[in-house]
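Protein sequence lines correspond, in order, to chains S and Y. Note that the numbering used here has the first sequence beginning at 1, numbered continuously upward. Note that the numbering used here has the second sequence beginning at 1001, numbered continuously upward. Quick reminder that beta carbons are idealized off the backbone N, C-alpha and C, glycines included.
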Amino acid sequence: MTRRPGFLVYGLLTAFVVGSAAPLYWSFLLGSHTKEIAAQGVPPLLPGGHFWSNAERAVATIPFWKAISNSLLVSTVTACSVVFFCTLAGYAFAKLRFRGRGPLLVFVIATMAVPTQLGVVPLFILMSEFGWTGSITSVIIPWLVTAFGVFFMRQYLVDAVPDELIEAARMDGCSQIRIFWHVAAPAARPAAAILWLFTFMQVWTDFFWPLIALPHDNPTVQVALNQLQSGFFKDYSLVLAGTTLATIPLLVLFVLAGRQLVSGIMQGAVKG
Amino acid sequence: MSNSTTSRGGGTQTVSPPREGPRTASGPTGRAPRPEWRRRLTRLDVRLSPYLYISPFFLLFLVIGMFPLAYTAWVSVHDWSLIGGKGEFVGLDNFREVLDNPYFTKQLVNTISIFLISSVPQIVIAVVLAALLDNQLRGRTLWRMSILLPFVVSPVAVAIIFGSLYGDRYGLINELLGHVGIDPIGWHTNRFASHVAVATMVNWRWTGYNALIFLAAMQAVPRELYESAAIDGAGRVRQFISMTLPMIRPTMIFVVITSTIGGLQIFAEPRLFDETNARNGGSDRQFGTITMLIYDFGWQLRDLGRASATAWLLFVVICAFGIANFLLIRRIGSLGGDR
């Protein structure tokens, strides 16, 4: 709306932002005090000086660095795979004419609404057959492509690449794959970056399937946090220091790419 | 948004060289016509390429998406142990056993209760928040980013943090309630209170995200509409209720459906909120959910047959809720919108 907002609007927004940040501060706060102070309830509202010693204890009790490197590997590989395959398929749906395009696209959209999480049992049986349970492969495979990714890239590419451009390149004797590589792929870059970010975050925060598929000594970050909490729930300064530490990678991502996340959500909404 | 416009320009630029280069070379005045085999090859290229591009997706998706869903049905009608593998065909016995299990009903009610307590206030607050953001704010991007902050905290971390905030004895929340003279609440032991606690976690993480989706929809409402409404004497609240809300209805349907699919599968939050050793959602499963029951059947009791049956039942519940929500929102929207 056109009017300049008043004090009330800023006040309400500030309250909301404080509410958004407060639990994170609480996590850091308890993580920075000693076990004894944390056990007595609400600590002093300024951080104590024990964050690193608590964090060190947390890192020592769970395979922390293993978990971080596993999560980095899984999230990066799947994000790249999703971006590559989904851009390819999204481009075909957006710009190429072929038999069965309509029904196949409807199929992709329909499967977006089906929670693939419900297939965990067969997925587990499948992974056991291949002998992949327990290894990081079992967590990567289910995320290699997503229906959402295809739909997202398709929606973007429909407008981002003018048909005349593809036609012109074809007239000039460009093969299809060269058109994709030199015309569509550069135009798809901003959407691809957003898809990459969202896939990375989704896989990083995923819990249900990694909990089923991975053993204690080879966890992702979320599975390791689960171990930390179940083993030491009475020692909140330890658990919350570990939790805060494990949240830092995504906070860094947020600071670097928060702007892209915001525009990604807003774009997806308008078109989805 | 600004992002996409710049890039589109960029895309055009990269493309222009090949457009001019080869065209002059092979145009009408150019070299001799291409040989027959090359023309055929080009035609083949045009015809086959689309399938080539979509096939990796479909092949992978068939294996990791569709096959497991269908195979769940096959497993659900067999005795199927986590260790021993497939046993006898048992028909619908697994479904019967699950439906007869008292925990199924209890955890289904918990799931729905948590879902309702989380999604209804969440959507209301998200819409209000979006309306606040739909102003000419100073530092627009910063505000938008700030409300998205909780989204980057994983559900597991959220559950651990809120588990501490909602501590029955020494938690911050009970402490604050004590200051205003309210007795401590058993956030982990009381069934309804535990649902509220779990719902808060979901709301904390998702409200800002949904607010941004609503904001995008609100910004698509033409500004002239507001101006003419203002001239007609409609106040801001009035404008919001009779113009903004009806116009963001499609987005509302989208948000409600996606939060239904996600909300009914809730797992990490209630599991990590539990501090008993069984970790099934409290000593009496007062906040256990259906997805937790799938995990319990499959990987604690090692009965994949019953786990699959439960997964199918959850799927049916999600479909029913999705359709019901869709119809409800459409009705509410048309009541408010058309008059």
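Cβ-based neighbour list, glutamine 1286/Y, same chain, cut-off 6 Å, excluding 5 preceding and 5 following: Walking along the second sequence from the start, residue 1286/Y turns up at place 286. Excluding positions up to five away in sequence, the list reads Arg1191 and Ser1194.
Would you tell me roughly how many angstroms separate the C-alpha atoms of isoleucine 248/S and alanine 1216/Y, rounded to the nearest one? As a position in the first sequence, residue 248/S is number 248, starting the count at 1. As a position in the second sequence, residue 1216/Y is number 216, starting the count at 1. If you draw a straight line from the Cα of isoleucine 248/S to the Cα of alanine 1216/Y, it is about 29 Å long.
Which residues in the same chain as glycine 1163/Y place their Cβ atom closer than 6 Å to its Cβ, once the five residues preceding and following it in sequence are excluded? What you label residue 1163/Y is simply residue 163 of the second sequence in a count that begins at 1. In the same chain as glycine 1163/Y, and ignoring 5 residues on each side of it, the C-beta atoms closer than 6 Å to its own belong to Phe1273, in chain order.
Using a cut-off of 9 Å between C-beta atoms, extract the partners of arginine 259/S located in chain Y. Taking the first sequence and counting its residues from 1, one reaches residue 259/S at position 259. Within chain Y, the residues near arginine 259/S are Asn1003, Thr1141, Arg1144 and Met1145.
Is the shortest distance between the beta-carbon of proline 1028/Y and the beta-carbons of chain S less than 7 Å? Numbered from 1 along the second sequence, position 28 holds the residue referred to as residue 1028/Y. Confidence at proline 1028/Y is low in this model, with a pLDDT of 47, below 50, so its placement is unreliable and the value that follows should be read with caution. For proline 1028/Y, the closest Cβ of chain S is not nearer than 7 Å.
Rounded straight-line distance, which links the Cα of serine 1228/Y to that of alanine 184/S: Here residue 184/S is taken as the residue at index 184 of the first sequence, counted from 1. Here residue 1228/Y is taken as the residue at index 228 of the second sequence, counted from 1. When rounded, the distance between both Cα atoms is 42 Å.
Alanine 1199/Y: buried (16+ other C-beta within 10 angstroms of its C-beta) or exposed? As a working note, residue 1199/Y is residue 199 in the second sequence. Alanine 1199/Y should be labelled buried.
If I measure Cβ to Cβ from phenylalanine 232/S and keep anything under 8 Å in the same chain, skipping five residues before and after, which residues do I get? Taking the first residue of the first sequence as 1, we reach residue 232/S at position 232. In the same chain as phenylalanine 232/S, and ignoring 5 residues on each side of it, the C-beta atoms closer than 8 Å to its own belong to Thr61, Leu238 and Val239, in chain order.
Determine the extent of the beta strand (DSSP E) in which glycine 1085/Y is found, giving its start and end residues. Reading the second sequence from its first residue, position 85 is the one you call residue 1085/Y. Its beta strand (DSSP E) spans residues 1085-1089.
How long is the line joining the alpha carbons of phenylalanine 51/S and proline 44/S, rounded to whole angstroms? As a position in the first sequence, residue 51/S is number 51, starting the count at 1. As a position in the first sequence, residue 44/S is number 44, starting the count at 1. Near 14 Å, if we compare the C-alpha coordinates of proline 44/S and phenylalanine 51/S.
What's the C-alpha gap between serine 1242/Y and alanine 1220/Y? As a working mapping, residue 1242/Y is identified with position 242 in the second sequence. As a working mapping, residue 1220/Y is identified with position 220 in the second sequence. Cα to Cα, serine 1242/Y sits roughly 16 Å from alanine 1220/Y.
Quick one: Cα of glycine 31/S to Cα of valine 1158/Y, how far? As a first step, residue 31/S must be located in the first sequence, where it is residue number 31. As a first step, residue 1158/Y must be located in the second sequence, where it is residue number 158. Roughly 15 Å separates the two Cα atoms.
What did DSSP end up calling serine 175/S once you bin it into helix, strand or coil? Translated into the one-based positions of the first sequence, residue 175/S becomes position 175. Residue state, collapsed to three classes: coil.
Does valine 262/S pass the burial test, meaning 16 or more other C-beta atoms within 10 Å, or should it be called exposed? Within the first sequence, residue 262/S is the residue found at index 262, counting from 1. Looking at its Cβ environment, which holds 16 or more other Cβ atoms inside 10 Å, valine 262/S is buried.
Does the segment 111-122 of chain S come into contact with the segment 1064-1075 of chain Y, if we say contact requires no fewer than three beta-carbon pairs (one atom in each stretch) closer than 8 Å? Touching, yes.
What does the alpha-carbon distance come out to for the pair lysine 95/S and isoleucine 1329/Y? Residue numbering aside, residue 95/S sits at position 95 when the first sequence is read from its first letter. Residue numbering aside, residue 1329/Y sits at position 329 when the second sequence is read from its first letter. Within the model, the alpha-carbon separation for lysine 95/S versus isoleucine 1329/Y is close to 34 Å.
Where tryptophan 1080/Y sits in the DSSP three-state scheme: Within the second sequence, residue 1080/Y is the residue found at index 80, counting from 1. Tryptophan 1080/Y falls in the strand class under three-state DSSP.
Answer with buried or exposed for leucine 1092/Y, where buried requires no fewer than 16 other C-beta atoms within 10 angstroms of its C-beta. Taking the second sequence and counting its residues from 1, one reaches residue 1092/Y at position 92. When all chains shown are included, leucine 1092/Y counts as exposed.
Do you know offhand how far alanine 1025/Y's Cα is from alanine 168/S's? Numbered from 1 along the second sequence, position 25 holds the residue referred to as residue 1025/Y. Numbered from 1 along the first sequence, position 168 holds the residue referred to as residue 168/S. Low confidence applies to alanine 1025/Y: its pLDDT is 41, below 50, so where it sits in the model is not reliable, and the reading given next is rough at best. The alpha-carbon atoms of alanine 1025/Y and alanine 168/S are separated by roughly 13 Å.
Indicate the three-state DSSP secondary structure (helix, strand or coil) for aspartate 1232/Y in the structure shown. Taking the first residue of the second sequence as position 1, residue 1232/Y is located at position 232. In this structure, aspartate 1232/Y counts as coil in the three-state DSSP scheme.
Inspect the beta-carbon positions of valine 1077/Y and threonine 1310/Y and report whether they are closer than 7 Å. Residue mapping note: residue 1077/Y aligns to position 77 of the second sequence, counting from 1. Residue mapping note: residue 1310/Y aligns to position 310 of the second sequence, counting from 1. No.
Short Cβ contact (7 Å threshold) for threonine 205/S with serine 1146/Y: Position 205 of the first sequence, counting from 1, holds the residue named residue 205/S. Position 146 of the second sequence, counting from 1, holds the residue named residue 1146/Y. Not in contact: threonine 205/S and serine 1146/Y (Cβ atoms no closer than 7 Å).
Can you look up aspartate 206/S in the DSSP assignment and give me helix, strand or coil? By 1-based counting over the first sequence, the position of residue 206/S is 206. If DSSP states are grouped into helix, strand and coil, aspartate 206/S belongs with coil.
Which residue wins for smallest C-alpha separation from alanine 1307/Y, given the options Gly1298/Y, Pro1056/Y and Leu1314/Y? As a position in the second sequence, residue 1307/Y is number 307, starting the count at 1. Residue nearest to alanine 1307/Y within the set Gly1298/Y, Pro1056/Y and Leu1314/Y is Gly1298/Y (criterion: CA-CA distance).
Could you check what DSSP says for aspartate 159/S in three-state terms: helix, strand or coil? Mapped onto the first sequence, residue 159/S falls at position 159. Correct three-state label for aspartate 159/S: helix.
Just grab the DSSP bridge partners of aspartate 1303/Y for me. Working through the second sequence from its first residue, we reach residue 1303/Y at position 303. Under DSSP, aspartate 1303/Y shares a beta bridge with Ser1081/Y.
Along the chain, where does the alpha helix (DSSP H) that runs through arginine 1038/Y open and close? For the purposes of this step, residue 1038/Y is identified with residue 38 of the second sequence, where counting begins at 1. Run containing arginine 1038/Y: 1036-1061, per the alpha helix (DSSP H) assignment.
Ordered list of alpha helix (DSSP H) runs contained in the segment 31-77 of chain S, each at least 4 residues: The segment 31-77 of chain S contains these whole alpha helix (DSSP H) runs: 35-39 and 51-61.
Residue burial classification, glycine 11/S (beta-carbon count within 10 angstroms, cutoff 16): Stepping through the first sequence from its first residue, residue 11/S is reached at position 11. So glycine 11/S counts as exposed.
Taking the C-alpha atoms as reference points, what is the distance between proline 103/S and isoleucine 1261/Y? As a working note, residue 103/S is residue 103 in the first sequence. As a working note, residue 1261/Y is residue 261 in the second sequence. Roughly 23 Å separates the two Cα atoms.
Using a Cβ cut-off of 7 Å, pull out every chain Y residue sitting near leucine 73/S, in sequence order please. One-based indexing of the first sequence puts residue 73/S at position 73. Listed along chain Y, no residue sits closer than 7 Å to leucine 73/S by beta-carbon distance, the nearest being about 17 Å off.
Is proline 1222/Y helix, strand or coil by DSSP? On the second sequence, residue 1222/Y is found 222 positions in, with the first residue counted as 1. Looking at proline 1222/Y - three-state DSSP - the assignment turns out to be coil, as it is neither helix nor strand.
What do you get for alanine 92/S, buried or exposed, if any count of 16 or more other CB atoms within 10 angstroms of its CB means buried? As a position in the first sequence, residue 92/S is number 92, starting the count at 1. Under this definition alanine 92/S is a buried residue.
Please name the residues in the segment 1071-1099 of chain Y whose beta-carbon is closer than 7 Å to at least one beta-carbon of chain S, in chain order. Listed in sequence order: Tyr1071, Thr1072 and Val1075.
From what residue to what residue does the alpha helix (DSSP H) around tyrosine 1295/Y run? The residue you call residue 1295/Y lines up with position 295 of the second sequence. Annotation: the continuous alpha helix (DSSP H) that includes tyrosine 1295/Y extends over 1290-1295.
Check distances from the C-beta atoms of the segment 1184-1217 of chain Y to those of chain A and list, in chain order, the residues that come in under 7 Å. Absence of chain A from the displayed structure is noted, the protein chains being S and Y.
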